[in-house]
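Using full-length UniProt numbering, the first residue of the sequence shown is number 1, and each one after it goes up by one. Everything below concerns the one structure shown next.
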Amino acid sequence: SDPSLLILVSPFPMERLYLFLLLSSPLFLCESNTFSIPLLFGNLSFGKNPDGTTKVNVNQNVNILGNGAKRNTTFTVGNGTFLVKDGNAIVNNSDFGGGGTFGVDKSGVIVDNKINAGNKTIEGGLGKESTFLSSLFGAFGRT
């Protein structure tokens, strides 16, 4: 019944504990600042919003002669909130593609989307269906 033997035969090795502490430490250490970990072609950042929610942001950017990818995924959690946002691609130095927000907060369910086609941005989501369709047809020159 020596406690040191329990650590040696534990089904959860110390490496897992160290990994957990390493990955969760930014959430505890950065109350008002953002903690950022550089990655290849981007970064991973952790921070607290003024309303007390925690934000985890994954950025990835590659731009070669005006073409590439730009992905910005944000997870926001806390105070009854869970949100996921994402980004677009880069073609000829302009944003292209779809991005959106999905989640739940104190006001209810949030489902928004944004379509970027060069210099045109079309926004839609719950309760915005008619403006989304009129903007979509207007972007293609049909009304």
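Positions of the beta carbon are idealized from the N, C-alpha and C atoms, including for glycine.
Original post:
Helix, strand or coil: which one does DSSP assign to Thr-131?
Top reply: Here Thr-131 sits in helix by DSSP.
**Message:** Rounded to whole angstroms, what is the Cα-Cα separation between Ile-37 and Phe-46?
**Reply:** CA-to-CA, the gap between Ile-37 and Phe-46 works out to about 9 Å.
Which first and last residues belong to the beta strand (DSSP E) in which Pro-50 is found?
Neither: Pro-50 is in no beta strand (DSSP E) and is coded neither H nor E.
### Proximal residues to Thr-53 (C-beta, below 7 Å), its chain only, five neighbours per side dropped
Apart from sequence neighbours up to five positions away, the residues of its chain that approach Thr-53 with a beta-carbon distance below 7 Å are Thr-76, Val-77, Gly-78, Asn-79 and Thr-81, ordered along the chain.
Practice prompt. Return the Cβ separation of Phe-96 and Ala-117 in integer angstroms, given the expectation that the two are a contact with Cβ distance under 8 Å.
Written response: Confirmed, about 6 Å.
Can you tell me which residues form a DSSP beta bridge with Leu-65? BP columns for Leu-65 are empty, so no partner.
Spatial distance of Val-58 from Thr-34 (CA atoms): The alpha-carbon of Val-58 is positioned some 13 Å away from that of Thr-34.
- Message: Can you find the residues in the same chain that come closer than 6 Å, C-beta to C-beta, to Ser-1, ignoring five residues on each side of it along the sequence?
- Response: Residue placement at Ser-1 is flagged as unreliable, the pLDDT there being 47, under the threshold of 50; a coordinate-derived value is accordingly withheld.
Fill in: For Leu-40: DSSP bridge partner residues
Beta-bridge pairing links Leu-40 to no other residue.
Whose C-beta lies closer than 6 Å to the C-beta of Asn-92 among residues of the same chain, with five residues either side of it excluded? If the five residues before and after Asn-92 are omitted, its C-beta is found closer than 6 Å to the C-beta atoms of Gly-66, all from its own chain and listed in chain order.
Q. Bridge partners of Lys-106, per DSSP?
A. Beta-bridge pairing links Lys-106 to no other residue.
* **Given Asp-86 as reference, the closest of Gly-138, Asn-61 and Ser-134 once Cα atoms are compared** => Closest option to Asp-86, Cα to Cα, is Asn-61.
Note to self: Measuring only the C-alpha atoms, how far is Lys-63 from Lys-106?
What the structure shows: In the sequence as presented, Lys is not what sits at residue 63; that position holds Asn. Just so you know, the alpha carbons of Asn-63 and Lys-106 end up roughly 38 Å apart.
| query | Run through DSSP, which three-state label would Leu-136 get? | reply | Three-state DSSP puts Leu-136 in a helix.
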